[in-house]
Structures are given as C-alpha cells and as structure tokens.
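Take a look at the structure set out below.
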Amino acid sequence: MEKDLKDIKLMLIFTGGNSLETWIKTGNIEREVELYKRLKKFIGKIYFLTYGGKKDLKYRDYIEDICLLPSVWLPSPYLTFIKLLFSYSSKFKKIDIIKTNQIFGSEIAIWLKKLFHKKLIIRCGYFYSYFTRQVYNDRKIIQKAIKLEREAFKTADIGIITSDWQRKALIKLHNLPPEKIRVIPNYVLTEIFKPLNVEKKYDLIFIGRGDKQKNLENLLKALLYLKNNFKNIECIFIGGCCHSKEVAEFIQKYGLKVILKGNVRHIELPKFLNQSRIFILPSFYEGHPKTLLEAMSCGLPCIGTDVNGIKQEIKHLETGFLCQTDYISIAEAIKTVISDKSLQQRLGKNAREYVMERYSIDRILNLELKVIEEVMDL
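The opening residue of the sequence shown carries number 1 in my numbering; numbering runs sequentially from there.
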C-alpha cells in the first residue's frame, strides 16, 4: 500500500546529550519546536528522541502533540544505542524517517537506519568538522569529527546543511554526490522578529555565547577604545556570554556601560533587539548565524566581521556593515554606523527585506516537506 504525507512517521534525534531542558535553559525551546509543530500539520506523527531522561517529561506541554521519547546520554554512543533498543525498539520499527538535529551523536541515527532499514536525513546546522578544527588543536579529535561527519552523510538518504558555502565545502571534503546534499537554511519567525515602534535604550546589542569563536575579547577592547576616543557606548549583552567571569571583570574594571542580561526566552528577543540601535556579531567564524538573521529581520543595522558565515549574509553597505576581527576595525565600524542615522535606516530596511525574501519559516517549511517527499518517493 502506497503512503502519502499523512502516513509518514518522522523521528528527530536530538544532538548527543541535549534535551528539552537544554532548550529551556538556553531560552530557545519555542524557536526549536516551531518548525516541527508546523510540520506536524502535514505528516502523520513526529517523535522527539531526547537525552534529558524523565526530567524532559515536565516540558511536554512545550511540544504539544509531538511524541516524546526521553532517554539518557551514556558515556559512549554505543551504550546509549543499546539502552535505546531496550526502551524503544517497538517504536523504532514503526518509524519511516530518522532525522538528526546535528552531527554530534549521529552514530545513533546511523545504527538505527542500518538495523531497522529506515530512511535517514542527516541534518547539520553547522559544518561540524570545520568548527571542530577551529576549536581544537588535537589531530585525533579533528579526525574523529571528520570520520563521523563523513559516515553520517554517506549513510544518509539525503543530507541537509544550512548554507551554500558549507554545502560546497562538505561535498569537496567528503567527496559526496552533490545531488544528495541540500541547503535548508535556518528559518526566522519574521512575524515576530519585525520592526517595533519602541524607545531605543541601547546603542549596541550582542547576543551569543562567550567562547573564543565569538571574539568577545576584541569587542570589549573596541568598546574601551571608543570610551577613550569617542564615547562610552551603551550596550546590552544577552546569552551565555553573560556567565563569563572574564567578561564581567573587564566591564567592571574599565567602567564600560554594558548590561549583562543573561539568557532570555527566544520570544523576548525582538523586544531587546528593537530597543537597540545596532546589532553586532564580531565572530571569527560562523555557520548560518540565527541571531544575525533575527536582528536583520527586526530591521536593525547589523555590523559583522568579514568571515565565513557572516560575509555571505551581509553585503557591505547594503544589508549591513562588514569589518575585520581586530578591535580597532570593530571600533571604527561601530563609530561609523552609530554616527550616521541615514546609513542605519538604509541598512536596516535592506536587511529586513533580505531576510523576508529568503528565510521566512513558510519557505523553510516547504523545503523540509520537499525533502520528506523525495526521501519517501512520494
């Protein structure tokens, strides 16, 4: 008997060790779940395989009628896999499509495909081996990441990556058939992330983690440089960066006007973005940065560094302002944009239009449905 979309059962496997609680703590649960809530209207059943154990059960309301399969992430993927077989083999037999959220932990998906002969969609939100190379100076760790990424995409029926530059690099690195790898970008909830008529409270906003990738050290040095040579910029930092002791100490030591807000719920971000004049992302590298796209969708003039993942989205002086990663270049970019209101208005307007054309959730939903139809030969 032939199936149609309404018969399809899809299981999303969370990144290794991640859970609904992880998404709650980072404030991202509404954003992460929204696509699957909308997808559920078109297909039969969606399962979330998470690694929060019984704790995840108390967050069930956030996922509405998506089925929850909570488990735990054990010291090795193989032990995790064995536990999953004991817990959910009867469920796995009924599933049509297995999909990953990231590469880390994708061994589980690979083994389930081989054991139960299911269709596999490997989704990679960021270029896993490339990011691993940037973070670690350990050949064994890098080779392990490359090996897992290669096996995942070669085993997959279809692979998904979030941007074209990552797709090209992925195909070249692993010698993958181009027709097998799709670009499905990160989506933006453009109906929520939109310009609002609210009072501006901050000159600058940064949203993100505090790790080396985000280049916060040079952003803080740029703010200090501006304090000494231009003015003390009023900023708000949101996200994991606010938990960094070094960041807090630098701000206090030099008397910078930076509010550390911490993690906030995703649905609160449009308010803070609209209360800010400029968004900045000074990273050394990115994949397909959601915070940048959301700021652009709010009509903010955005400053970004001229690096992979950012330079593909910002066209200098059209959809944003590009600078280098050093603190002087960052400082000069902030000074230039903050001093020119007509430039702010033009960049913000163009940025909003750019995101609306490319990254609305309706467009991304259609791309996801096409992949499901293709993988199931519908």
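For each residue, glycine too, the CB sits at the ideal point set by N, CA and C.
Pro177 is classed as exposed because its beta carbon has fewer than 16 other beta carbons within 10 Å across all chains shown.
Per the DSSP secondary-structure output, Phe237 pairs in a beta bridge with Phe206, Leu260. Residue state for Tyr62 is assigned as helix, using DSSP reduced to three classes.
Of the candidates Met356, Lys9, Arg150, Glu373, the residue whose Cα lies closest to the Cα of Pro185 is Met356. Beyond the five residues adjoining it in sequence on each side, Gly348 comes within less than 7 Å, by CB distance, of Gly299, Leu300, Pro301 in the same chain, given in chain order.
Every beta strand (DSSP E) stretch that sits fully inside the segment 44-126 and reaches 3 residues is listed by chain position as 45-50, 67-70, 97-100, 119-124. Taking C-beta atoms as the reference points, Leu69 and Thr50 count as a pair closer than 9 Å. The Cβ neighbour count for Asn18, taken over all protein chains shown within 10 Å, is at least 16; the residue is labelled buried.
When DSSP states are grouped into helix, strand and coil, Ser329 belongs to the helix group. With fewer than three CB-CB distances shorter than 8 Å, the segment 163-183 does not count as touching the segment 134-145. Looking at Asn308, Ser163, Leu120, Lys168, the one whose alpha-carbon comes closest to that of Ala156 is Leu120.
CA-CA distance, Ile328 to Tyr225, rounds to 8 Å.
Ile361: member of the alpha helix (DSSP H) spanning 361-375, first to last residue.
With 16 or more other Cβ atoms from the protein chains shown falling within 10 Å of its own Cβ, Ile158 counts as buried.
A check of alpha carbon separations from Leu219 across Gly309, Ile238, Tyr354, Thr325 identifies Thr325 as the nearest. Look at Lys9 here: in three-state DSSP terms it is strand.
DSSP lists Ile161 as the bridge partner or partners of Val183. The residues Leu223, in chain order, have a CB closer than 6 Å to that of Leu256 in the same chain once the five nearest residues on each side in sequence are set aside. When DSSP states are grouped into helix, strand and coil, Ile146 belongs to the helix group. Under DSSP, His316 forms a beta bridge with Gly320.
Between the beta-carbon of Val337 and that of Ile278 there is about 6 Å, and that keeps the pair under the 8 Å contact cut. Beta bridge pairing from DSSP links Cys302 with Phe279. If you ignore the 5 residues before and after Phe116, its C-beta comes within less than 8 Å of the C-beta of Phe92, Lys93, Ile95, all in its own chain and listed in chain order. Counting the other Cβ atoms within 10 Å of the Cβ of Asp377 gives fewer than 16, which makes it exposed.
Under a 10 Å Cβ-count criterion, Glu64 is classified as exposed, with fewer than 16 other Cβ atoms of the shown protein chains found around its own Cβ. Taking C-beta separations shorter than 8 Å and ignoring five residues to either side along the sequence, the partners of Ile310 in its chain run Leu281, Ser283, Glu286, Pro289, Leu292, Gly304, Leu322, following chain order. Residue environment analysis places Ser163 among the buried positions, since at least 16 neighbouring C-beta atoms fall within 10 angstroms of its C-beta.
In the same chain as Leu365, and ignoring 5 residues on each side of it, the C-beta atoms closer than 6 Å to its own belong to Arg38, in chain order. Per DSSP, the beta-bridge partners of Val188 are Ser360.
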